Each structure stands twice: as C-alpha cells, then as structure tokens.
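Residue numbering for the sequence shown follows UniProt numbering, beginning at 1 and increasing consecutively. Here a beta-carbon is modelled for each residue, glycine too, at the ideal position from N, C-alpha and C. As the structure is a prediction and not an experimental result, all values here were calculated from the model. Working notes for the structure below.
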Amino acid sequence: MGGYLGVVLLDQVSKRYGRGPWVLRDLTLEVSGLTVLSGANGTGKSTLLKIAAGVLRPTSGGVERPASVGYVPERFPSDVKMSASSYLAHMGRVRGAEAGDVLERLGFVGSTTAPMSELSKGNTQKVALAQALAASDLLVLDEPWTGLDASASAELVSLLEGRTALVSDHEGHLASATRVDLAGGHVTIELSRVAAPDALEVLEGVRSVQARGSSVRVVVAPERSDQVLAEALRLGCSVRSVR
Ligand SMILES: Nc1ncnc2c1ncn2[C@@H]1O[C@H](COP(=O)(O)OP(=O)(O)OP(=O)(O)O)[C@@H](O)[C@H]1O
C-alpha cells in the first residue's frame, strides 16, 4: 500500500480488547473528504477513531495514514497542568504547523496562560480542536462538538469545509458528509452442544461468543449469519434459536 495523501486506509482491520468480544471485524475503509461515523453507543466508533489516529493498535489488519494527522479524543484529559498557549506551542513544534486563528474563530474566552485543568469544558475542547486542526492531511475527531456552544458549533462546521476528516457525530452537524454506519445490525444465534467455542469465535463475521448456562450465544454480522450457522452445524452444535 502506498501514497494516500489525506486519506486513511483501514485494511481488513479487526479489534478486540484482550479476550473480549470483537468490537471491529474485517473493516476496510478509505476516507476522502468529510466522513461521518455513525452507529449506536458501543458499536466501536471511538475504537475505530483511535486506530485511525494511531493511538491504538488493531488486533489485526493494516492501517496507513498520511504524515500529518490531527486527533481530538472523546475526552480530553482533565488534569493537564500545561497552559493552552504552551500546549499549542508544543503541539505546533511536534507537528511543524501553528494552530493559527482557530481559537479566536471558535470564540475561546478562557486564559491561555492558566493551567488547562482550570479551563471550562467548552474552552478545553476549543484548545483540543485548535491543535488538531493545524494538521494538514487528515483530521480524526471524536464527538468534536462536545461542550461547544451554538456559535462555536457552527464555526466548527465551517472550519471543516474542504478538509479530509473522519468524524463521529451523534448530533448530525455534518448532514451532507459521507456516512459510514458501524451498527449494521446483527443476528443472534443461540446454540447448544458447543464443544469448541473458540472455533466459532474465529469465523468471519462473528462479533462475540458468550456462554450462557448450557447454551452459547453467538452474535454475527447479518451478511455472514448463514455461513456461521452452516459451520456451527458442521461442528455438531444444535441450533436453539436465530433472531
Ligand atoms: N479500553 C477498553 N477495554 C475494554 N473494552 C473496551 C475498551 N474501550 C472500549 N471498549 C469496549 O469496546 C466497545 C466499543 O466501544 P467504543 O467506545 O469504541 O464505542 P462507541 O461506538 O464509541 O460508543 P459511544 O457511542 O458510547 O461513545 C464497547 O463494548 C466498549 O465497552
């Protein structure tokens, strides 16, 4: 893979935390322009964004990101002792690009010299956005409107115009952006006589396998449910229900 400017490419990315259920499975994603990630709570939006930004490794699969990536996490740490101006200067040196007038445009009204831990939630978010928006190739923004007032929210929409960005947005600020829905629905298969749950867990499309008393509940992507059912029967499992 090579040469994607302003585009993050996730190639067959899967992620699970430890031995927990699969949060993402075989996800391939190219981003150009504004792309909004949607999906119910817990479907893996923040996980995907962390992987795209490079702060979390996928369990498997490849990620290629451009050189200059700006990331705003879902929650900015609340205990940063550095001041906003020191933080932005530091990030500017790391990135080789200044934050420019983003703070002013977003209507920042706090102190740029006080510790950031003393800033209000909205003003902290504006600093987080200012450092990220200095990146030139790709923005990865997790709920970036959190804590912003109406005028800062509208300004952020205009700041994102023409940018390449992967954004989670519960509130529909970017109505005209490309949408990637992580929910995609699921099929739950209840099995008994399961000798080897591990053999089910590795099947394509399987999101989780949970023992429940004498049965095992398998959550599967809808497009793979027929194949998983067939494989479960081949492994000698009995099917109790599919819904
Ligand atoms: N550090 C972690 N350790 C273990 N499990 C985690 C961790 N982070 C996230 N998860 C799990 O991964 C799943 C996806 O979480 P994630 O935060 O990516 O979802 P989300 O779509 O961003 O949710 P929300 O809309 O509520 O912010 C959830 O089941 C969550 O419990």
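- Not one heavy atom of ligand 1 is found less than 8 Å from the C-beta of residue 171.
- Among the bridge pairs identified by DSSP, residue 191 is matched with 216 and 239.
- Taking residue 24 as the centre and dropping the five residues before and after it, the same chain places the C-beta of 13, 14, 15, 44, 47 and 48 closer than 7 Å to its C-beta, in chain order.
- Counting along the chain, residue 60 sits inside the beta strand (DSSP E) bounded by residues 60–64.
- Per DSSP, reduced to three states, the secondary structure at residue 47 is helical.
- Inclusion of residue 21 in the 8 Å shell around ligand 1 follows from its C-beta lying nearer than that to a non-hydrogen atom of the ligand.
- Burial check for residue 94: the Cβ neighbour count within 10 Å stays below 16, so the residue is exposed.
- The beta carbon of residue 113 sits closer than 7 Å to those of 83 and 85, all from its chain and outside the five residues before and after it, given in chain order.
- Taking the CA atoms as reference points, residue 212 sits about 43 Å from residue 148.
- With a threshold of 16 other beta carbon atoms within 10 Å, residue 205 meets it and is buried.
- Here DSSP, grouped into helix, strand and coil, assigns residue 151 to helix.
- Taking 8 Å as the cut-off, one finds no heavy atom of ligand 1 near enough to the beta carbon of residue 81.
- The beta carbon of residue 44 sits closer than 8 Å to at least one heavy atom of ligand 1.
- With at least 16 other beta carbons inside 10 angstroms of its own, residue 58 counts as buried.
- Under the three-state reduction of DSSP output, residue 33 falls in the coil class, being neither helix nor strand.
- The residues 108 and 110, in chain order, have a CB closer than 6 Å to that of residue 123 in the same chain once the five nearest residues on each side in sequence are set aside.
- Apart from the 5 residues on each side of it in sequence, residue 115 sits with its Cβ closer than 8 Å to the Cβ of 80, 81, 82 and 83 in its chain, given in chain order.
- The C-alpha of residue 146 lies about 30 Å from the C-alpha of residue 221.
- Taking residue 214 as the centre and dropping the five residues before and after it, the same chain places the C-beta of 192 closer than 8 Å to its C-beta, in chain order.
- With a beta-carbon spacing of about 7 Å, residue 174 and residue 157 fall inside the 8 Å limit used to define contacts.
- The beta carbon of residue 63 sits closer than 8 Å to those of 8, 9, 10, 11, 13, 51, 52 and 54, all from its chain and outside the five residues before and after it, given in chain order.
- Secondary structure of residue 28 (DSSP, three-state): strand.
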